[in-house]
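Student:
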Amino acid sequence: MRMIGNGHAGASKVCSVMNMTPPPRPKSFKKSSRVIAKHAKTVAKKSMKAAAKEVCVLQQNEDVDGTNSVDC
Numbered sequence: 019m020r021m022i023g024n025g026h027a028g029a030s031k032v033c034s035v036m037n038m039t040p041p042p043r044p045k046s047f048k049k050s051s052r053v054i055a056k057h058a059k060t061v062a063k064k065s066m067k068a069a070a071k072e073v074c075v076l077q078q079n080e081d082v083d084g085t086n087s088v089d090c
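Here's what the structure looks like:
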């Protein structure tokens with residue numbers, strides 16, 4: 019929820035609408051959000067680095083007819 023700017027209040031509202039148990043208290047919610055954000059950032063960086071390497075390899079092996087493309 020923090021990623022979309024709603025934080026604990028938004029998570030509480032979503033949980034109540036979905037008839038789910040409420041999220042953890044604000045302090046532990048904030049701590050969990052920070053851990054998740056840290057790991058999400060790490061995964062995103064690795065993914066982007068791999069994509070950049072793939073593009074470089076494809077550009078180096080580029081055919082004259084331009085049939086190479088990047089797999090997504």
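Here the sequence shown is numbered in our numbering, starting from 19 and rising by one per residue. Quick reminder that beta carbons are idealized off the backbone N, C-alpha and C, glycines included.
1) Which word fits residue 29, buried or exposed, when buried means at least 16 other C-beta atoms lie within 10 angstroms of its C-beta?
2) Taking the continuous alpha helix (DSSP H) assigned at residue 40, which residues delimit it?
3) Could you compute how far the alpha carbon of residue 48 sits from the alpha carbon of residue 66?
Tutor: According to the structure shown:
1) Working through the sequence shown from its first residue, we reach residue 29 at position 11. Buried, because 16 or more other Cβ atoms sit within 10 Å of the Cβ of residue 29.
2) Start at 1 with the first residue of the sequence shown, and residue 40 comes out as number 22. Careful: residue 40 lies outside any alpha helix (DSSP H) and carries neither H nor E.
3) On the sequence shown, position 30 is the one that residue 48 refers to. On the sequence shown, position 48 is the one that residue 66 refers to. Distance between the alpha carbons of residue 48 and residue 66 is about 27 angstroms.
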